Amino acid sequence: MFFFLFYFFLLRLVYKEVSALAADPPEGIKIYPSEEDITELHTAIEGPGTPYAGGVFRMRLVLGKDFPAAPPRGYFLTKIFHPNVGHKGEICVNVLKRDWKAELGLRHVLLTIKCLLIHPNPESALNEEAGRLLLEDYKEYASRARLLTEIHAMGGTSGAPQEPADGPQPKKHAGDPNKRVAGAGLVTNGVATNNLSNSSSSGNTNIVAKKKTDKKRALRRL
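Just so we're aligned: the sequence shown equals residues -20 to -1, 1 to 202 in mature numbering (1 follows the signal peptide of the UniProt record, and there is no 0).
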């Protein structure tokens, strides 16, 4: 009974803090509380004026059963080239380990993680290659970080974070913006043609050729 009451009290504290954080988030950070699990918090952090500038980085905070006595665990969901972020997205920062204090709160955690995008710490690197480049060849480090930012953190990531299991995201149309497939018809310069089932063989051939061209362009971007 005592344990149940204590756990209920902790949940109320967490709910209160998360609600206040969502209502007044730190600058450049959006908060997406989980409707199903109050102990899991999704965020989107805007990249500051560094190689991460212009990117929106999705992140997840997991508040364990011992929170706030124990620190939360943080993971980047958006792929990032950073000394303090492991290949699986795990974050290494002292405030989530030995420097944690219950009174610090989630706002302090989020601000600290955002500061990592400005001042990485190569001394506690999870990504050893990124840590080495940061110390020995900053230009190459910045180039790699910028490339991954452009590939993974730019375009269509400013909304609520979604896990890959949530389903495929809408695909951007490549090529002439005035030519696209809309429903079952081909739209050319704003004028819809016949249904695809009634299209001529030459029209079908053009569509197949266009898909192959789009696929080649997507592969070049990688």
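Beta carbons: idealized from backbone N, C-alpha and C, even for Gly.
Since the structure is predicted, the reported quantities are computational estimates derived from the model, not experimental observations.
Between the alpha carbons of Glu70 and Ala125 lies a distance of about 17 Å.
Assignment of beta-bridge partners to His22 by DSSP yields Tyr12, Arg40. In the three-state scheme derived from DSSP, where H, G and I count as helix and E and B as strand, Glu120 is classed as helix.
The beta carbons of Leu86 and Leu1 sit closer together than 7 Å. No Cβ-Cβ contact shorter than 7 Å links Val36 with Arg53. Scanning Glu83, Leu91, His62, Leu113 for the CA closest to the CA of Leu128 turns up His62. The C-alpha of Pro5 is placed about 24 Å away from the C-alpha of Lys45. Residue Ile60 holds the alpha-carbon nearest to the alpha-carbon of His132 among Val75, Ile60, Pro48.
Collapsing the DSSP output to three states places Tyr32 in coil. According to the DSSP secondary-structure assignment, Tyr(-6) is paired through a beta bridge with no residue. Between Ile93 and Pro102, the alpha-carbon positions lie close to 14 Å from each other. Annotated three-state conformation of Gly85 is helix, per DSSP. Here Ile18 is near Tyr(-6), since their CB atoms are less than 7 Å apart. In the three-state DSSP reduction, Arg53 falls in the strand class (E or B). DSSP places Val65 in the strand class (E or B) of the three-state scheme. Rounded to the nearest whole angstrom, the C-alpha separation of Asn74 and Ser123 is 27 Å. Judged by DSSP in its simplified three-state form, Glu7 adopts coil rather than helix or strand. Here the alpha carbon of Leu115 sits roughly 44 Å from the alpha carbon of Arg(-9).
By the criterion of a C-beta distance shorter than 6 Å, Lys119 is surrounded by no residue of its chain, once the five residues flanking it on both sides are discounted. A Cβ-Cβ contact shorter than 7 Å links Pro51 with Trp80.
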